[in-house]
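Enquirer: If you read the sequence shown in my numbering, its first letter stands for residue 20, the second for the next number, and so on. Positions of the beta carbon are idealized from the N, C-alpha and C atoms, including for glycine.
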Amino acid sequence: LQVLARLTGTDDPLEHRLVEAYWLGRDLGVDHARFADELLAVIGPQAGHYWTHLTPELLASGSPDHGFHVFGVYPWSRLLGAGPEPLHVLDSCRIRWGVVVGRDGTGAEVSTSHLTWDGAVLDLAGPTVERIPEANVQVDVEVGDQVALHWEWLCDHLTPTQCEALEASTRRELTATTARLVGSAVR
């Protein structure tokens with residue numbers, strides 16, 4: 020967020036517009052190459068040798084949003100062939116969208132799409148219903164509401180425009196990640 024604030028000339032990195040753009044993948048018109056250069060300058064020295072995959076080539080395909088951090092910066096996509104945990108972590112950590120299809124005093128049921136990995140393509144499956152316990156429902160919701168999910172949390176309401184931006188940015192990251200993994204022969 021600090022890099023986004025600098026590149027947009029925003030004093031407060033927690034300004035609502037920046038936070039929304041980061042979490043939901045909304046385009047702020049930031050030059051992606053410049054963002055990548057500045058991001059690498061900030062996190063490269065902190066990450067050290069553990070994250071040697073943070074190369075200018077990787078970052079050149081990056082977007083200034085959470086989806087890129089989940090699929091590109093974090094190492095989990097490179098571990099997809101090692102069992103079910105990497106797919107679960109990627110799916111849980113990304114911001115998911117869904118529609119509330121059930122609500123009672125014990126929680127909410129949300130129709131949402133989860134990630135799939137067939138050894139070659141990282142994609143979205145068809146929608147399934149996920150149960151969110153009441154303690155993890157952070158906003159008042161009703162059946163029919165569009166919502167954001169992160170890990171096992173129902174975090175907020177989404178407008179149709181926000182859902183469209185989130186889906187577009189997620190699909191963009193899935194396409195880029197699949198191309199990167201196929202190129203590196205992760206299976």
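Using a threshold of 8 Å, state whether the C-beta atoms of L43 and Q181 are closer than that.
Expert: In the sequence shown, the residue the question calls residue 43 occupies position 24. In the sequence shown, the residue the question calls residue 181 occupies position 162. Contact flag set, yes.
Enquirer: Just how far apart, CA to CA, sit L26 and D123?
Expert: Translated into the one-based positions of the sequence shown, residue 26 becomes position 7. Translated into the one-based positions of the sequence shown, residue 123 becomes position 104. Their backbone Cα atoms lie some 44 Å apart in a straight line.
Enquirer: Between the segment 124-136 and the segment 108-115, are three or more C-beta pairs nearer than 8 Å?
Expert: With a cut-off of 8 Å, the segment 108-115 and the segment 124-136 count as touching, because enough Cβ pairs lie within range.
Enquirer: Which of the three DSSP states, helix, strand or coil, is assigned to D123?
Expert: Against the sequence shown, residue 123 aligns to sequence position 104. Strand, per DSSP.
Enquirer: Give me the Cα-Cα distance between P64 and A55, rounded to the nearest whole angstrom.
Expert: Along the sequence shown, one-based indexing puts residue 64 at 45. Along the sequence shown, one-based indexing puts residue 55 at 36. So the alpha carbons of these two residues sit roughly 14 Å apart.
Enquirer: Could you tell me the alpha carbon to alpha carbon distance between A144 and E57, rounded to whole angstroms?
Expert: In the sequence shown, the residue the question calls residue 144 occupies position 125. In the sequence shown, the residue the question calls residue 57 occupies position 38. If you take the alpha carbons of A144 and E57, they lie about 34 Å apart.
Enquirer: Using the C-alpha atoms, what's the distance from V148 back to N155?
Expert: What you label residue 155 is simply residue 136 of the sequence shown in a count that begins at 1. What you label residue 148 is simply residue 129 of the sequence shown in a count that begins at 1. Each residue's Cα considered, the two are about 16 Å apart.
Enquirer: Can you tell which of E128, R97, H51 has the C-alpha that lies nearest to the C-alpha of L173?
Expert: Start at 1 with the first residue of the sequence shown, and residue 173 comes out as number 154. Cα-wise, what sits closest to L173 is E128.
Enquirer: Tell me, which residues are paired with I114 by DSSP?
Expert: Here residue 114 corresponds to residue number 95 of the sequence shown, with the count starting at 1. Looking at the DSSP assignment, I114 forms no beta bridge with any residue, so it has no partner.
Enquirer: Could you compute how far the alpha carbon of F90 sits from the alpha carbon of G100?
Expert: One-based indexing of the sequence shown puts residue 90 at position 71. One-based indexing of the sequence shown puts residue 100 at position 81. So the two alpha carbons sit approximately 15 Å from each other.
Enquirer: Start and end of the beta strand (DSSP E) containing Q165?
Expert: Taking the first residue of the sequence shown as 1, we reach residue 165 at position 146. It spans 165-169 - the beta strand (DSSP E) in which Q165 sits, taken as one unbroken run.
Enquirer: Could you tell me the alpha carbon to alpha carbon distance between V22 and H85, rounded to whole angstroms?
Expert: Numbered from its first residue, the sequence shown carries residue 22 at position 3. Numbered from its first residue, the sequence shown carries residue 85 at position 66. Their Cα atoms are separated by approximately 13 Å.
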